[in-house]
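Numbering (my numbering), first residue to last: 100 to 422. Ideal Cβ placement from N, Cα and C applies to all residues, glycine included. Bear in mind the structure is a predicted one, so any value in this text is a computation, not a measurement.
Printed below as a string of structure tokens:
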């Protein structure tokens, strides 16, 4: 039997599901248990097609907009990314029973944007155009109230109505380092710009990036398990490359691995975005174990023990489920 080459895998911790994603998935699963199928979900509940597929098999029906849902008494769940104010308004006008799975850390940004607006500030949102979270945050306020900046160049070109009356908020899933550059550029131009009371980038995004920074310089290559649609997963790949790892790739699951990248490999870092289930991480490690003599070591850079409450109407089932 051919001897397999040795491969040391450094497994990043924390990785994978964050409290907001865990809560959103729980809401759909508990709604299915309590009310039966179908449970309608507006937009992918989280950015991972395997999570979405497993919920579909249990009876969840995914739609992009509420007008795709027939007249129904079935629950409608809003995704973890948050929605514009027009969405719950439309649901109420149609007498829909809806459950809001918006991550509480995204809701915090919504509240912050509203507070700045009520105080008369012109608002800058640092984020990625078209991302559901950005659409939801901008949709909290009237059109034109929020200006989206994506890059340092955008910050340099931005012309506010009143330079002395500005405030900024950020998308929760950005790269900490990239965001810092944009914030620094804004503060250099507008020293009086109001900041969030507390960092908008969520604890899970920050923790996963810090774990990557600890592992990336020590390995020949890194794999991040996550969806190409997932902002926080894409940022992890960027952080790995910037931290000194020559090869860093994003894969949805083991079948997406491009083995031509890993010919002469002695060490590999593995992490997962906040919407990637642990089963897909294990699948990737198993795939490498078929080709290499694998030794796995976990590198832990932070402990996470945060959990968010689910809606009151589902809490009796949460207790029964032993959560």
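Since residue 380 contacts residue 324 with CB under 8 Å, what's their CB separation in whole angstroms?
5 Å
Three-state secondary structure assigned by DSSP to residue 221
strand
Within the continuous alpha helix (DSSP H) that includes residue 105, where are the two ends?
Where residue 105 is concerned, there is no enclosing alpha helix (DSSP H), although the beta strand (DSSP E) it sits in stretches over 105–112.
Return yes when the Cβ of residue 111 is within less than 9 Å of the Cβ of residue 336, no when it is not.
no
Suppose you measure from the CA of residue 293 to the CA of residue 217; what does that come to, to the nearest Å?
13 Å
Excluding the 5 residues preceding and the 5 following residue 118 in the sequence, name in chain order all residues of the same chain whose CB lies nearer than 6 Å to its CB.
405, 406, 407
Taking only the alpha-carbon atoms, compute the straight-line gap between residue 343 and residue 186 and give it to the nearest angstrom.
43 Å
Using the Cα positions of residue 223 and residue 295, report the straight-line distance between them to the nearest angstrom.
11 Å
Exposed or buried, which one is residue 270 when buried takes at least 16 other CB atoms within 10 Å?
buried
Between the Cα of residue 210 and those of 125, 299, 314, spot the shortest distance and give me the residue it belongs to.
299
Between residue 310 and residue 115, what straight-line distance do the alpha-carbon atoms span, to the nearest angstrom?
12 Å
Have a look at residue 221 and residue 236 and give me their C-alpha separation to the nearest angstrom.
14 Å
Taking the alpha helix (DSSP H) that residue 150 belongs to, which residues open and close that run?
148–157
Between 262, 307, 147, 121, which lies nearest to residue 328 when the distance is taken from Cα to Cα?
147
Check whether the segment 235–252 and the segment 281–290 are in contact - that is, three or more C-beta pairs closer than 8 Å.
yes
State buried or exposed for residue 411, treating a residue as buried only when at least 16 other CB atoms are found within 10 Å of its CB.
exposed
Does the pairing of the segment 101–110 with the segment 124–132 give three or more beta-carbon distances under 8 Å?
no
Return the CA-CA distance between residue 159 and residue 177, expressed in angstroms with no decimal places.
12 Å
Report the partner residues of residue 371 according to the DSSP bridge assignment.
324
Below 6 Å CB to CB, which residues in the same chain sit around residue 136 once its five sequence neighbours on both sides are set aside?
158
Give the DSSP bridge partners of residue 139, in chain order.
160, 175
So, helix, strand or coil for residue 387, using DSSP?
helix
Could you pull the start and end residues of the beta strand (DSSP E) that residue 399 belongs to?
392–399
Outcome for residue 171 when other beta-carbon atoms lying within 10 angstroms are tallied against a minimum of 16:
exposed
If you drop the 5 nearest sequence neighbours on each side, which residues of the same chain put their C-beta closer than 7 Å to that of residue 120?
145, 179, 373, 374
In or out: residue 402 buried (at least 16 other Cβ within 10 Å) or exposed?
exposed
Classify residue 255 as buried or exposed, calling it buried when 16 or more other Cβ atoms lie within 10 Å of its own Cβ.
exposed
Spatial neighbours of residue 260 within its chain, please: CB distance less than 6 Å, with the 5 preceding and 5 following residues excluded, ordered by chain position.
221
Of the residues 291, 184, 340, 352, the one placed nearest residue 385, counting alpha carbons only:
352
When you compare each of 409, 243, 383, 364 to residue 354 by their alpha carbons, which one comes out closest?
383
In the DSSP assignment, the beta strand (DSSP E) including residue 199 goes from what residue to what residue?
197–199
Nearest to residue 227 by alpha carbon, out of 202, 370, 122, 273?
273
Rounded to whole angstroms, what is the Cα-Cα separation between residue 169 and residue 184?
21 Å
Could you check whether residue 349 and residue 319 sit closer than 9 Å to each other, using their CB atoms as the reference points?
no
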